[in-house]
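One structure is given below, encoded as structure tokens.
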Amino acid sequence: MRIIQATLEHLDLLAPLFVKYREFYGALPYPDSSRAFLEKRLRRKESVIYLALADDDDKKLMGFCQLYPSFSSLSLKRVWILNDIYVAEDARRQLVADNLIRTAKRMAKETQAVRMRVSTSSDNEVAQKTYESIGFKEDTEFKNYILPISDEL
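Be aware that the sequence shown starts at 1, since it is given in the UniProt record's numbering, and climbs by one per residue.
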């Protein structure tokens, strides 16, 4: 497989797999909105997306990952959030996720990031094992919280 950084030219290839990723996590597909979301991220350079392509077929997308930049005020350095990672069903057990994450890790080093962060559902043991095998450590120092933002004031 080859890992490349996505550009706007890859949007039609990426969007259908992104929709499958959203469905995997229980979101409604919304293919047009999903494509528009990706297009906006790429156009504005608000994320970095890596694609895993089959060696013999430029149109066979095996998986992708999307990272968002953030910063650490305590270390005064960049942090990368590995927000999305998904492997096509017919490409699983071929180390696609490992290769995508290792590429993301190289990019994080090249941009002098202090760390990469990732979250996954607490019952996704396959993802957890993959992250741990690559060197991610479970955060035991900080407890993470979320604050849903609604339309109510």
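We treat Cβ as the ideally placed atom computed from N, Cα and C, and that holds for glycine. All values reported here derive from a predicted model rather than from experimental measurement.
Check, Outcome
"For Asp56: DSSP bridge partner residues", "In DSSP, Asp56 forms no bridge with anything."
"Buried or exposed by the 16-neighbour rule on C-beta atoms within 10 Å, applied to Val30", "For the record, residue 30 in the displayed sequence is Tyr; it is not Val. Tyr30 should be labelled exposed."
"Distance, Gln5 Cα to Glu23 Cα", "23 Å"
"Alpha-carbon spacing of Ala88 relative to Thr111, whole angstroms", "28 Å"
"Residue environment, Val126, which counts as buried when at least 16 other CB atoms sit within 10 Å", "exposed"
"Candidates Leu53, Ser47 and Leu95: closest to Arg68 by CA position", "The residue asked about is misnamed: residue 68 is Tyr in this sequence, not Arg. The shortest C-alpha separation from Tyr68 is found at Ser47."
"Euclidean distance between Cα positions of Met1 and Gly63", "10 Å"
"Contact between the stretch 96-112 and the stretch 130-140 (3+ Cβ pairs under 8 Å)", "yes"
"Distance between Asp56 and Arg44 (C-alpha atoms, nearest Å)", "31 Å"
"Nonlocal neighbours in the same chain, by C-beta distance under 8 Å from Ser34, ignoring five residues either side", "Ala15, Phe18, Val19 and Arg22"
"Inter-residue CB distance, Trp80 and Ala113 (contact presumed, cutoff 8 Å)", "5 Å"
"Spatially closest choice to Lys77 from Thr130, Lys109, Glu9 and Glu138, by CA coordinates", "Lys109"
"Exposure of Thr130, with buried meaning 16 or more beta-carbon neighbours within 10 Å", "buried"
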